């Protein structure tokens, strides 16, 4: 997958060093990344036509990752959201997955773990968007 045909990834983390490092990891894997340190800015980039994946830290000021996830669910429940946390809370992870989060990853994580999850989520989103387009074309 090249940057030209890569599904967009919106990455949200208030830790600027981790945001840069994670964005670089995803870009080196050939993914197209838009990085945000504020969840509201990331949310403003989303609509039902968004063809990509959201990766968000959970613990952030103002709008945290779970609030962001819930807002994305209301916007389009088929946008894959991968939640990342340094605080491995099993109950939060189970609830997030039950509520529709695509994946829940605990820091520190292997770069390949995140890349593979994003790629699988991007493929799922591609299929959803293709299905929607076919339904619209069929009328």
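Numbering (our numbering), first residue to last: 273 to 411. Beta carbons: idealized from backbone N, C-alpha and C, even for Gly. Please read all numbers here as calculations on a predicted model, not as lab measurements.
8 angstroms contact criterion, which residue i and residue j should meet: CB distance rounded
i	j	result
residue 354	residue 393	6 angstroms
residue 332	residue 311	6 angstroms
residue 283	residue 308	7 angstroms
residue 328	residue 364	Residue 328 to residue 364, Cβ: 13 angstroms. No contact.
Spatial distance of residue i from residue j (CA atoms)
i	j	result
residue 338	residue 407	31 angstroms
residue 273	residue 398	With a pLDDT of 42 at residue 273, under the threshold of 50, the predicted position of this residue should be treated as unreliable, though the coordinate-derived value follows. Using only the alpha carbons, I get a separation of about 13 angstroms.
residue 276	residue 400	In this prediction, residue 276 scores a pLDDT of 46, lower than 50, which makes its location untrustworthy; no coordinate-derived value is stated.
residue 388	residue 409	32 angstroms
residue 326	residue 304	12 angstroms
residue 385	residue 372	19 angstroms
residue 391	residue 299	12 angstroms
residue 290	residue 297	10 angstroms
residue 330	residue 411	39 angstroms
residue 301	residue 292	14 angstroms
residue 380	residue 295	15 angstroms
residue 376	residue 335	18 angstroms
residue 348	residue 288	28 angstroms
Per-residue burial, residue i [other beta carbons within 10 Å of its own, 16 or more giving buried]
i	result
residue 352	buried
residue 366	exposed
residue 369	exposed
residue 324	buried
residue 340	buried
residue 281	buried
residue 362	exposed
Residue nearest to residue i in terms of C-alpha spacing, selected from the options
i	options	result
residue 278	395, 365, 401	395
residue 402	361, 350, 306, 381	350
residue 314	286, 411, 381, 374	286
residue 404	357, 320, 292	320
residue 359	288, 347, 378, 382	378
residue 374	317, 316, 342	342
Residue i: first and last residue of the uninterrupted beta strand (DSSP E) it sits in
i	result
residue 307	304 to 308
residue 375	375 to 378
residue 283	280 to 284
Continuous alpha helix (DSSP H) stretch holding residue i: start and end
i	result
residue 297	288 to 300
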